[in-house]
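Residue numbers (the UniProt record's numbering): 1 to 971.
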Amino acid sequence: MSATVDDDQDEAATSPIPTARHRAEERKPLIPRFLRTFAIPVILAWVAIIAVLNTVVPQLDEVGKMRAVSMSPADAPSKIATQRVGEVFDEYNTSSSVMIVLEGDEPLGAEAHAFYDDMVDRLEADTKHIEHVQDFWGDSLTATGAQSVDNKAAYVQVYIAGEQGEALANESVATVREIASDDNAPEGLHVYVTGPSALSADQTAVGDASMKTIELVTFAVIIVMLLIVYRSVVTTGIVLVLVMAGLLSSRGIVAVLAYHHVFGLTTFAINLLVTLAIAAATDYAIFLIGRYHEARRKGKDREAAYYDMFHGTAHVVLASGLTIAGAASCLYFTRLPYFQTMGLPLAVGMVMVIASALTLGPAVISVCSRFGKVLEPKRMGQSRLWHKVGTTTVRWPGAILVCAVIATLVGLLALPGYHTTYNDRIYLPETVPANVGYAASDRHFTQAKMNPDLLLIETDHDLRNPADFLVIDKIAKALVRVRGIAQVQTITRPDGKPIEHSTIPYTLGQSGNLQIMSNDYTQNNLANMLVQADDLQISIDAMTEMMNIQEDLAAVSASMADKMATTSDDMNEVRDHLADFDDQFRPLRNYLYWEPHCFNIPMCWSMRSIFDAMDGIDVMSGDFEELVPEMRRMADLMPKMVAVMPDQINSMKHQKEILLNQYASQKAQQDLAMSLQEDMTAMGDAFDAALNDDSFYLPPEAFTNADFIDGMDNFISPDGKAVRFTITHQGDPLTPEGISRIEPLKLTAADAIKGTPWEGSSIYLGGSAATYADLQQGADYDLLIVAVAALILIFIIMIVLTRAIAAAGVIVGTVVLSLAASFGLSVLLWQHIVGIPLHWMVLPMSVIVLLAVGADYNLLLVSRMKEEVHAGVNTGILRSMVGTGSVVTAAGLVFAFTMISMSVSDLIIIGQVGTTIGLGLLFDTLVVRSLMTPSIASLLGRWFWWPQRVRPRPVPSPWPKPQPAAEEVTA
């Protein structure tokens, strides 16, 4: 019995601060007792878990590449539009595309075109990775639009397999780069692969490559800060062991689940997971060791300090981790894959960090605390600095709150100047292949050429006719007149400009040119008319002369008829006399005809000839008798003929007059037409020179032109019922100004088809600016969802832990104020000092972490205030600030600088997210938790704990009398 008493007295003598005898014996809850009792098995179990998680599947970096998911929302109108274009034109089923830029030291010639044609053939041959090649440069109708003004560059758009950001899409980008390699290109020709999907692939590669650097820098920062805080290599090593355990376990479980397709990964999710796991694990280790040190400073033995540590921090670590995990899980309900893909990985990873901190952490501390002075605090006294800060806060809470608000205004005043951008180029190194390609494009094309938008209009009828082409051109003109639009390409303007010679004035001018070309022929015909008139006059003169002659001839004919009748009578009389002579000399005649030798006897033959002549007189007399009637008839007809000739002469004169009148009118018309054609040709030339297609018209014969038919394949769907427009912006389309044009473009297209046969047609708009317009709307929606859900979740957790609505409201309110101020500070740093606008993803990604982590430090402070509230409101505030000031500050600084370490990433987006979160944590640690929350609690007094009832001051109670030692031992 005495030995027992002596032992108890010796132990009491060695205790730095004896426990008051009125306090009951410390309870040893089941969980911490189990962890302390089975510390070694718990440690070995965690070693086994970490080993299994990190060996059964590839490392997280590799799994991230294997399970990379698309960052484009599947239900976004722009994505639906892009895929619809591919379906309607039967070209592709993806929304991913890259641009291949060919740049020559000299103007591109036949060799460059041959290389290009071969490259296109090889691309089209790879059906696994390439879905469609938009070969504008290979089409004579569209080649001008795909070639630079200086003829030193050209481009081709390639639609690749896989959605942008997916593993297949990244593989397809690599394949395109391999095919388009300039190793076999002609000398002086350079080939670049750029565009949205190429930039996304490079973004993933840069983010993954920077992860190791971030981890190394993060651990270096943690080691330095832990050495400053603890001044102990051993303690720092223990913290690092716990941090590594939390990191490896979270990486391992996320890798396993992602590998088995539970969820997909992105480079942003991996980077944020790793950094958050390191920071949170470090914080929780600091919380545990800090509370252990505090208990040891108060004189508790190692075991009691262990249980005090678990009792004072377990619920805070659990609430903190669940807050982060719960807030991260809210991301799962967002629509944008950028944020949705971070939800489950971050939540699962944080759960593993919590489990590690609440099980492995106490087990390691339990084991290490058994060895000499390991984990013993280097300073046994409390911080005077935090005592002074706490005293000042409870004495002048109003002034302290005003100072905190003034500090907050520094960030809040920078918020109105915030503007973002959607151009991922500026957040990647200039040396990445996609940026090199963009730089090459910028040397020859406008900045927006590599990021066009695509408008599709589907109708219910065939558009390949002059009437519907008028509507197409009307829409194109309306689109290009939208402010901020530089160029619109479609079938009526395949190179972005109106088709040459496609206006009505030019058509009329062309008809005038035909008249000009036929003018010589017409003038010759007119001259021939004058010759014909002269010939008619000659005929008239000749006819008049002939009529005069005919009149004389008629008189002669009448005279000849009379004389012929007289001659006939005379001939008959001669015949009669000769007949008488013949009758008298018939015997002689007979002799002459009988004489066989008469022709040998001259006299005989002469006489015989006389008789033959006498016979001819008889025949002649008969002929004259027949001729006299004919002569009489001719004498009668000649006057009739003379009577007809004046009418014929008058008719010829009339013909001449008509011919001359016709000549005069046609000559006047031709001269007038020629004078008019000069103006009409000038008008057509003016319309062409001014690129004015206000009177656009394509005649039906244009649709039978082979080149035009080939060109229609690029803009008109195979069934002819849909048309697409390629829209190029002025300046950078990936800015708030650029995406603000998307809605006006849709409205303009809808207005342009009003009152036309196209009214009611379906309109789709996709492309770069359209995609980011959808992302902007989605980000705003997602931010609202995440912020509201996270705030509600945090508020509920705070109510459960503090059991005070007012305290929970103060915590949430200060966190929101801290969030706004920290984001303003980030705007001030990046936008106004560094000169790089914050990426659009920074705000949503930072909000979720800052809301959760920012509440943690307030939670630890308020939780401690709740423990100390029995001593009075202000005294409890002072004690809580003194007790948690160093620990929370150390944890906050470590967490902040851990997040700021992300700024070493080559992917500036990651750096912006890290610095924004880091600035927020610094502000929350040094201003909100240290000044604002305590001052508000002091000002509110007992109302801070509403609806709980607390006393501003403790209830006085007598100090219990000590009992005899012997009785205590006997008991």
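Note that the Cβ used here is the ideal one computed from N, Cα and C, for glycine as well. None of these values were measured; they are calculated from a predicted model.
Check	Outcome
9 Å Cβ cutoff met for A347 and A201	no
From W830, N650, T884 and V556, residue whose alpha carbon lies closest to that of G390	T884
Residue from N590, E87, I610 and L248 with nearest C-alpha to V52	L248
Three-state secondary structure assigned by DSSP to I836	coil
When G86, G398, A565 and P844 are compared against T933, the one with the closest alpha-carbon	G398
CB contact flag (I794, T408, <9 Å)	no
Outcome for T431 when other beta-carbon atoms lying within 10 angstroms are tallied against a minimum of 16	exposed
Rounded separation between F624 and A565 - CA only	8 Å
Distance CB(A561)-CB(M631) smaller than 9 Å	yes
Reference N705; option with closest CA among R464, T925 and G484	R464
From V176, D615, A325 and Q550, residue whose alpha carbon lies closest to that of L578	D615
Nonlocal neighbours in the same chain, by C-beta distance under 8 Å from I649, ignoring five residues either side	I540, M543, T544 and M547
Beta-carbon proximity list for V367, same chain, < 8 Å, skipping 5 on both sides	A39, I40 and I43
R177 burial status per 10 Å Cβ neighbour count (16 or more: buried)	buried
Any non-hydrogen atom of the ligand FMN within 8 Å of G104 CB	Among the components of this structure there are no ligands whatsoever, and the ligand FMN is therefore not found.
Cut-off 7 Å between Cβ atoms - residues of its own chain near L257, not counting five sequence neighbours on either side	F263 and V348
Bridge-paired residues (DSSP) for R586	Its beta-bridge partners do not exist; DSSP assigns none.
Residue from F89, S96 and K65 whose Cα sits closest to the Cα of S72	S96
Beta-carbon gap between I727 and L428 smaller than 9 Å	no
Any 3 or more C-beta pairs closer than 8 Å across the segment 471-490 and the segment 743-751	yes
Nearest-angstrom beta carbon gap, I909 and H839 [assumed within contact, 8 Å]	5 Å
CA-to-CA distance, V351 to A722, given in whole angstroms	52 Å
Collapsed DSSP secondary structure at S762 in the structure displayed	strand
Backbone CA spacing between G162 and A269 [nearest angstrom]	20 Å
Residue environment, H461, which counts as buried when at least 16 other CB atoms sit within 10 Å	exposed
Whole alpha helix (DSSP H) elements within the segment 150-194, 4-residue minimum	167-179
Rounded separation between G252 and Y259 - CA only	10 Å
Given R231 as reference, the closest of W945, R929 and A890 once Cα atoms are compared	A890
Residue closest to I797, alpha-carbon to alpha-carbon, out of A769, L784 and L860	L860
Of the listed residues V904, K866, Q912 and S901, nearest to W946 (C-alpha basis)	K866
Cβ pair P186, V98 closer than 9 Å	no
Close beta carbons around L940, own chain, < 8 Å, minus the five adjacent residues each side	A806 and V810
Length at least 4, wholly inside the segment 346-411: the alpha helix (DSSP H) runs in chain order	361-368 and 384-395
Whole-angstrom distance between A804 and residue 978, CA atom to CA atom	Look at the range of the chain in this structure, 1 to 971, and you will see that residue 978 is not part of it.
For R724, the residue or residues it bridges with in DSSP	L456
Own chain residues within Cβ distance below 6 Å of V619, not counting five before or after	none
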